[in-house]
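Encoded as structure tokens, the structure appears first; notes follow it.
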Amino acid sequence: MREKSQPSSREWLSFIITATILFFLQPILPSKMMAAEILIMALPTLAFILLLGYTGQLNFGTGSLFAVGAYTAGILLSRYNVHVLVAIVAGVVMTCIVASVMGFFCIRQGGLIFALLTLAFNQIIWFVIFQWRSLTNGADGIWGIKRTFIDFGFFSIDIRPSFNFYILVLIFFLLIFFFVKRLIESPFGKVLQGMRDSELRATAIGFSIVTYKWVAFVISGMICGLGGALFALHQEYVGEHLASWVTGGEIVIMALLGGTFVLQGAVIGSGVFIFLSDLLNRFKFLAMGGGWLLILGAVFIVVVMFFKGGIYGGAEGIYQRLKGKILFFR
Amino acid sequence: MISLSLAGLLSQIFNGIQFGVLVALLATGLSLIFGMLGIINFAHGSLYMLGAYLVWSVVQVLDIPGKFWFGLVFSFIFMGFVGFIIEKFLLRRMYGQPVVYMILITFGLLLVIQQGVGMIYGTNPLPLGIPPFFRGEVNLGLFKYPLYYLFTMCIGLIVIFAVWFFIERSTWGAIIRACAEDPEMAGTLGIKTVNVYTLTFALGAALAGLGGGLHAPMIGGLQHTIGGLIILVCFIVVVVGGMGSIRGALLAGITIGVIRGLAGLFWAPASEIVMFIAMGIILGFRPQGLLGKKIST
Numbered sequence: 107m108r109e110k111s112q113p114s115s116r117e118w119l120s121f122i123i124t125a126t127i128l129f130f131l132q133p134i135l136p137s138k139m140m141a142a143e144i145l146i147m148a149l150p151t152l153a154f155i156l157l158l159g160y161t162g163q164l165n166f167g168t169g170s171l172f173a174v175g176a177y178t179a180g181i182l183l184s185r186y187n188v189h190v191l192v193a194i195v196a197g198v199v200m201t202c203i204v205a206s207v208m209g210f211f212c213i214r215q216g217g218l219i220f221a222l223l224t225l226a227f228n229q230i231i232w233f234v235i236f237q238w239r240s241l242t243n244g245a246d247g248i249w250g251i252k253r254t255f256i257d258f259g260f261f262s263i264d265i266r267p268s269f270n271f272y273i274l275v276l277i278f279f280l281l282i283f284f285f286v287k288r289l290i291e292s293p294f295g296k297v298l299q300g301m302r303d304s305e306l307r308a309t310a311i312g313f314s315i316v317t318y319k320w321v322a323f324v325i326s327g328m329i330c331g332l333g334g335a336l337f338a339l340h341q342e343y344v345g346e347h348l349a350s351w352v353t354g355g356e357i358v359i360m361a362l363l364g365g366t367f368v369l370q371g372a373v374i375g376s377g378v379f380i381f382l383s384d385l386l387n388r389f390k391f392l393a394m395g396g397g398w399l400l401i402l403g404a405v406f407i408v409v410v411m412f413f414k415g416g417i418y419g420g421a422e423g424i425y426q427r428l429k430g431k432i433l434f435f436r
Numbered sequence: 013m014i015s016l017s018l019a020g021l022l023s024q025i026f027n028g029i030q031f032g033v034l035v036a037l038l039a040t041g042l043s044l045i046f047g048m049l050g051i052i053n054f055a056h057g058s059l060y061m062l063g064a065y066l067v068w069s070v071v072q073v074l075d076i077p078g079k080f081w082f083g084l085v086f087s088f089i090f091m092g093f094v095g096f097i098i099e100k101f102l103l104r105r106m107y108g109q110p111v112v113y114m115i116l117i118t119f120g121l122l123l124v125i126q127q128g129v130g131m132i133y134g135t136n137p138l139p140l141g142i143p144p145f146f147r148g149e150v151n152l153g154l155f156k157y158p159l160y161y162l163f164t165m166c167i168g169l170i171v172i173f174a175v176w177f178f179i180e181r182s183t184w185g186a187i188i189r190a191c192a193e194d195p196e197m198a199g200t201l202g203i204k205t206v207n208v209y210t211l212t213f214a215l216g217a218a219l220a221g222l223g224g225g226l227h228a229p230m231i232g233g234l235q236h237t238i239g240g241l242i243i244l245v246c247f248i249v250v251v252v253g254g255m256g257s258i259r260g261a262l263l264a265g266i267t268i269g270v271i272r273g274l275a276g277l278f279w280a281p282a283s284e285i286v287m288f289i290a291m292g293i294i295l296g297f298r299p300q301g302l303l304g305k306k307i308s309t
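Chain order of the listed sequences is A and B.
If you're matching positions, the first sequence starts at 107 in the working numbering and goes up one per residue.
If you're matching positions, the second sequence starts at 13 in the working numbering and goes up one per residue.
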């Protein structure tokens, strides 16, 4: 049990190291906007990992919450020309409301039924987005989202260059990442993990499972919404395909690729996914008919079967083994 | 304005039942697999899609009368074999590990099968006409109904009944139920539980193939994404009917099918979403589904 609430120096160190590594991600990747996309997609993946890894719930509905955030921000930016930060906050608030309703119905059921209910809600949200043409433009999606300036009154930041935008995304990502990191170390997070391991015991101690799961679900949903709002800025376009269950499925793949029991898995997973999909799409015969998804699916099966901890877990295992060998030879 | 005639209403209800029976055929397989392995098979829709493509291929390649029948049988057997392979080489290695991983494997399979078919057959819709023998309509008194629809309804009901009989009344079925109930005890009685698992999964996959084959002529054009559309409906039917219950799957299939058909009569786009709402309502009152046993998790 930790007693102090201030971050320790060790945590500050890990914060600085993570920030530095991610800072240099943008220049080394082949296309300029890829790094921002990786960090943006890492947000819903992080939200998914928070639910699966720390409360044991398989959420197939992350795509729709992501889309709610994206649509809210997109509509506000393109039609009402609001401040960028206001649009992002509005996206998060809207997702919070939707996730509260969704969570209210879903969290009462465990395991499979939870997964299917989130899938059902995902479809309902997709349907609403697809049919509410006056608000969302239906299948056409929202065009004309302008990524321009963030105005702070006395000075403004231009987020049109990919690097500046990347820094904006990086700041949001680091905030969320370390918020989640501290959340799972907090008493609240410990209760969640206790519940994951034994609901019966957690209830017997006197925790209200429903409330805890609900709060966790809403927090996870808000992170998805933030990702969505940033995604709208990134693409300058929002389409209904974001809300389809395929997006949720992609997020599941990213999480599993990276590793579901560590938060770093989110960045690794989304990084590998986006990098691979970009790479595979460069081959003509794979890009046609979505053949890259075939390879991705195969990679996914192998990861699930042989590397339960995802890439992060696998790398750590190899590191431990090497460390053992080196010690042995010494 | 909606013009409601009795004939229109009845034919829509018939459509609903027909769709429901077909979905129930898939849901039966899904339900069997769930009862045995405890997993939701995300790849079930892809198996259905593969079954439809197999029938299409057989109809294209063969040039004999009754090639559609041959295609159906081929699809049933071949998909059973595919199910056998999947269970034997993928899922079997995962027993004893958290169920989530098995679900995720089937999700990966979904991608592989779907995109594989997309690459082999291309992404353009492939039309498969209704077999010549079944063209035309039957007069059912108030309205005329396509013969093929009636035919698939009957075949579906017969197959579901046969599966139910096999599971509930035959010795093999008793073995399957024993393994689902208490694998350890069944093992001590000398039953090779692993083989029973394989058999069940193969049977489920074969039913998906048959369902796909039967459905194929009714879909305007086959596409590699049709599995994704039907699998959601199947999930709803399995959950609403009660996990692991064949009768529940049939009941829920017909209920959901009719609700879907009637909703489509009023506002066409609503037909897809009303199923989810129905599922939410039914699960709110009976979390275990219409005919399911209480789940203790």
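Where a beta carbon is used, it is the ideal one built from N, C-alpha and C, also for glycine.
Identified DSSP bridge partners for residue i
i      : result
L138/B : L234/B
E149/B : P158/B
V344/A : I248/A
I256/A : I263/A
Contacts that residue i makes with chain A (C-beta to C-beta distance below 8 Å)
i     : result
M61/B : Those do not exist, as M61/B stays about 14 Å from chain A at its closest Cβ, beyond 8 Å.
Separation of residue j from residue i, as counted between CA atoms
i      : j      : result
V324/A : F227/A : 14 Å
A36/B  : D384/A : 40 Å
A310/A : A322/A : 20 Å
Q300/B : I294/B : 9 Å
L171/A : N387/A : 27 Å
D303/A : D257/A : 47 Å
G416/A : I155/A : 12 Å
Q127/B : T135/B : 9 Å
L348/A : W81/B  : 41 Å
A125/A : L280/A : 7 Å
W118/A : V408/A : 36 Å
T309/B : L382/A : The predicted model places T309/B with a pLDDT of 39, which falls under 50 and marks its position as unreliable; any figure quoted below should be read in that light. Taking the straight line from one Cα to the other gives about 38 Å.
G209/A : W320/A : 6 Å
R189/B : V208/B : 10 Å
M107/A : L306/A : Unreliable placement is indicated for M107/A, whose pLDDT of 45 sits below 50; the coordinate value is still reported in the next sentence. Taking the straight line joining both Cα atoms gives about 22 Å.
P136/A : M287/B : 45 Å
G120/B : I203/A : 32 Å
L191/A : F285/A : 19 Å
D246/A : I266/B : 35 Å
S268/A : H340/A : 9 Å
Where residue i falls, given that 16 or more other Cβ within 10 Å makes a residue buried
i      : result
P77/B  : exposed
Q109/B : exposed
A174/B : exposed
A99/A  : Because chain A in this structure spans residues 107 to 436, residue 99/A falls outside the shown range and cannot be described.
S114/A : exposed
G63/B  : buried
Q24/B  : buried
G304/B : buried
M197/B : exposed
W279/B : exposed
V174/A : buried
Beta-carbon neighbours of residue i, restricted to chain A and to distances below 9 Å
i      : result
L102/B : I407, M411
M291/B : L222, L223, A226
I52/B  : L218, A221, L222
Under 8 Å by beta carbon: chain B residues contacting residue i
i      : result
F313/A : Near F313/A there are no residues of chain B at all, since even the closest Cβ is about 18 Å away, more than 8 Å.
L402/A : L123
V358/A : L116, F119
Under 9 Å by beta carbon: chain B residues contacting residue i
i      : result
Q237/A : P281, A282, I285
L164/A : V112, I115, L116
Under 7 Å by beta carbon: chain A residues contacting residue i
i      : result
Q235/B : Chain A residues near Q235/B: none, gap ~11 Å exceeds 7 Å.
M48/B  : What M48/B touches in chain A: nothing, since even the nearest Cβ is about 14 Å away.
R105/B : M411
Cross-chain neighbours of residue i in chain B, by beta carbon under 7 Å
i      : result
Q215/A : P299
L399/A : L123, Q127
I230/A : I285, F288
G355/A : F119
message: As an exercise, report each continuous alpha helix (DSSP H) stretch of at least 4 residues that is fully enclosed by the segment 226-306 of chain B, in chain order.
response: Fully enclosed alpha helix (DSSP H) runs of 4 or longer: 238-253, 258-278, 282-297.
- Report the residue ranges of all alpha helix (DSSP H) runs contained in full by the segment 109-157 of chain A; include only those spanning at least 4 residues, in chain order. Runs found: 115-129, 131-134.
**alpha helix (DSSP H) runs contained entirely in the segment 361-399 of chain A, provided each spans 4 or more residues** = Runs of the alpha helix (DSSP H) inside the segment 361-399 of chain A: 370-387, 390-393.
(request) Ignoring anything shorter than 4 residues or poking outside the segment 63-123 of chain B, list the alpha helix (DSSP H) runs there in chain order. (result) Residue ranges of uninterrupted alpha helix (DSSP H) with 4 or more members, entirely inside the segment 63-123 of chain B and ordered along the chain, are 79-101.
Practice problem: Write down every uninterrupted run of the beta strand (DSSP E) in the segment 260-329 of chain A whose length is 3 residues or greater and which is fully enclosed by it, in chain order. | Solution: For the segment 260-329 of chain A, whole beta strand (DSSP E) runs of length 3 or above, ordered along the chain, are 262-264.
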